[in-house]
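K.L.:
Next up is a structure, given as structure tokens.
Number of protein chains: 2
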Amino acid sequence: MARKKAKLVRIANDSTRRATFKKRKNGLLKKVSELATLCNVSTCMIIYTPEEAAMQPEAWPSPPEAARIVVQFRNIPLVEQRQKMLSQESFLSQRIAKLEDQLRRAERKNRELSVSLLVNEALASGRLPVVGIDDAAAVARAADSMLKEVRERINKEAAW
Amino acid sequence: MARKKAKLVRIANDSTRRATFKKRKNGLLKKVSELATLCNVSTCMIIYTPEEAAMQPEAWPSPPEAARIVVQFRNIPLVEQRQKMLSQESFLSQRIAKLEDQLRRAERKNRELSVSLLVNEALASGRLPVVGIDDAAAVARAADSMLKEVRERINKEAAW
DNA sequence: GGACCTATACTTAGGCA
DNA sequence: GTGCCTAAGTATAGGTC
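Sequence lines, in order, name chains D and R. The opening position of the first sequence corresponds to residue 1 in full-length UniProt numbering, with each subsequent residue numbered one higher. The opening position of the second sequence corresponds to residue 1 in full-length UniProt numbering, with each subsequent residue numbered one higher.
This is the structure we're talking about:
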């Protein structure tokens with residue numbers, strides 16, 4: 001997330017992956033503890049360090065507390081567990097929806113900017129550049145709203 | 001962490017605390033999933049939502065998986081070694097990657113169009129519109145490349 | 001309350017010693 | 001591997017609707 005965008009896939013290089021793991025684990029721990037403090041929530045974090053699968057995972061705020069929280073969680077009926085499930089899939093679906101939304105907005109802004117450019121060119125050259133029927137319609141709409149604004153300004157000055 | 005520095009203590013205001021909780025929980029979830037992906041680690045996240053202490057906590061990636069990890073953590077032998085089902089997930093990941101790519105392109109085009117507009121306005125008015133330093137730099141770059149093109153054309157004609 | 005915005009604060013990828 | 005640096009990329013506090 002710096003210098004370069006870094007794709008969200010398993011980091012191939014071994015030492016790089018370990019380094020990133022250490023960095024991000026610390027960042028995550030900070031976030032978790034902040035959330036616990038700011039919002040007064042009971043949280044725990046458990047991570048298995050890669051390459052050390054045989055070893056014990058780390059737990060936050062402490063192994064016993066983490067265990068306590070999870071046991072509490074396991075004691076509820078499965079049905080409720082499912083309801084409370086923040087599933088991987090729904091999380092990904094949310095991300096997809098969000099991205100689609102961002103994309104829609106970016107594309108809409110693109111269209112608006114393009115029309116502005118066309119209008120500018122038309123004004124500069126005194127004639128309409130060669131465009132398709134859709135663009136022409138958009139330009140017409142833009143020109144209309146500009147005309148409207150001009151008339152409003154004129155009225156304002158007249159009333160002055 | 002924005003607009004103001006926000007002290008690291010329990011947020012007194014009730015609705016503010018809830019809002020912050022929601023935001024940060026999502027941020028945390030994203031970080032957790034990124035860590036899992038990038039570093040190929042087994043992680044889980046369990047949070048009790050405040051004001052709903054009687055209710056069940058949320059767990060990520062899912063309650064059963066969270067429970068499994070913690071049980072493993074407690075060194076209680078687990079019989080079942082279920083295979084992870086990743087096909088659906090990888091499909092969704094592909095979709096996300098594609099969308100991110102599209103978005104990136106749209107945004108880049110966006111910036112280009114904005115600069116074109118600025119240049120047009122500058123040419124039409126004979127002066128640079130009031131813009132930020134970044135835009136000014138972009139305009140300067142654009143103007144540079146335009147100059148370059150002009151010079152190249154001149155050279156071509158001269159060689160003719 | 002919830003969705004969106006945006007100025008700032010924060011995190012971190014890639015480099016370097 | 002360890003530690004530090006800094007440019008980019010993210011998260012989010014406070015606000016608006």
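Built from N, CA and C at the ideal position, the CB exists for glycine as well.
Can you confirm whether the segment 29-45 of chain D touches the segment 56-76 of chain D when touching is taken to mean that 3 or more C-beta pairs between the two stretches lie within less than 8 Å?
P.N.:
Taking a contact to require three or more Cβ pairs closer than 8 Å, the segment 56-76 of chain D and the segment 29-45 of chain D qualify as touching.
K.L.:
Do Leu8 of chain R and Leu103 of chain D come within 8 Å of each other at the CB atom, strictly closer than that value?
P.N.:
no
K.L.:
Looking at C-alpha atoms only, which residue of D:Val119, D:Arg3, D:Arg24 and D:Lys4 is the closest neighbour of Cys39 of chain R?
P.N.:
D:Arg24
K.L.:
Please name the residue in R:Asn110, R:Leu28 and R:Thr16 whose C-alpha comes closest to that of Phe91 of chain D.
P.N.:
R:Leu28
K.L.:
Terminal residues of the continuous beta strand (DSSP E) containing Ala59 of chain D?
P.N.:
Run containing Ala59 of chain D: Glu58 to Trp60, per the beta strand (DSSP E) assignment.
K.L.:
For Lys7 of chain D, which three-state DSSP category applies?
P.N.:
coil
K.L.:
Counting only beta-carbon atoms, is Arg24 of chain R nearer than 8 Å to chain D?
P.N.:
The beta-carbon of Arg24 of chain R is placed less than 8 Å from the nearest beta-carbon of chain D.
K.L.:
Starting from the Cα of Phe73 of chain D, find the closest Cα among R:Pro57, R:Arg3, R:Pro61 and R:Arg111 and give me that residue.
P.N.:
R:Pro57
K.L.:
Check the Cβ-Cβ distances between Arg3 of chain D and every residue of chain R, and say whether any is below 8 Å.
P.N.:
Using a Cβ-Cβ cut-off of 8 Å, Arg3 of chain D does not count as an interface residue toward chain R, since no Cβ of chain R sits closer than that to its own.
K.L.:
Please name the residue, chosen from D:Ala12, D:Arg111, D:Thr20 and D:Lys109, that lies closest to Ala2 of chain D on a Cα-to-Cα basis.
P.N.:
Nearest option by C-alpha distance: D:Thr20.
K.L.:
What did DSSP end up calling Thr43 of chain R once you bin it into helix, strand or coil?
P.N.:
strand
K.L.:
Quick check on DSSP: helix, strand or coil for Ala12 of chain R?
P.N.:
coil
K.L.:
Taking C-beta pairs closer than 9 Å, name the residues in chain R that Ser15 of chain D reaches, listed in chain order.
P.N.:
Within 9 Å Cβ-Cβ: nothing; Ser15 of chain D doesn't reach chain R, min ~12 Å.
K.L.:
Could you please tell me which residues of the segment 88-116 of chain D, in chain order, have their CB closer than 8 Å to any CB of chain R?
P.N.:
Gln88, Glu89, Phe91, Leu92, Ser93, Arg95, Ile96, Leu99, Glu100, Gln102, Leu103, Ala106, Glu107, Lys109, Asn110, Leu113, Ser114 and Ser116
K.L.:
What does the alpha-carbon distance come out to for the pair Arg18 of chain D and Asp14 of chain R?
P.N.:
40 Å
K.L.:
Starting from the C-beta of Arg11 of chain D, find all residues in its chain whose C-beta is less than 7 Å away, skip the five residues before and the five after it, and write them out in chain order.
P.N.:
It is worth fixing the name first, because residue 11 of chain D is Ile in this sequence and not Arg. Same-chain partners within the cutoff: Arg17 and Thr20.
K.L.:
Distance cutoff 8 Å, beta carbons only. Does Ala59 of chain R sit that close to anything in chain D?
P.N.:
Residue-level contact check: Ala59 of chain R touches chain D, since one or more beta carbons of chain D fall below 8 Å from its beta carbon.
K.L.:
Starting from the beta carbon of Ala12 of chain R, find every residue of chain D whose beta carbon is closer than 9 Å, and list them in chain order.
P.N.:
Residues of chain D passing the Cβ test: none, with the nearest at roughly 10 Å.
K.L.:
Can you name the residues of chain D whose CB is closer than 8 Å to the CB of Leu118 of chain R?
P.N.:
Those do not exist, as Leu118 of chain R stays about 10 Å from chain D at its closest Cβ, beyond 8 Å.
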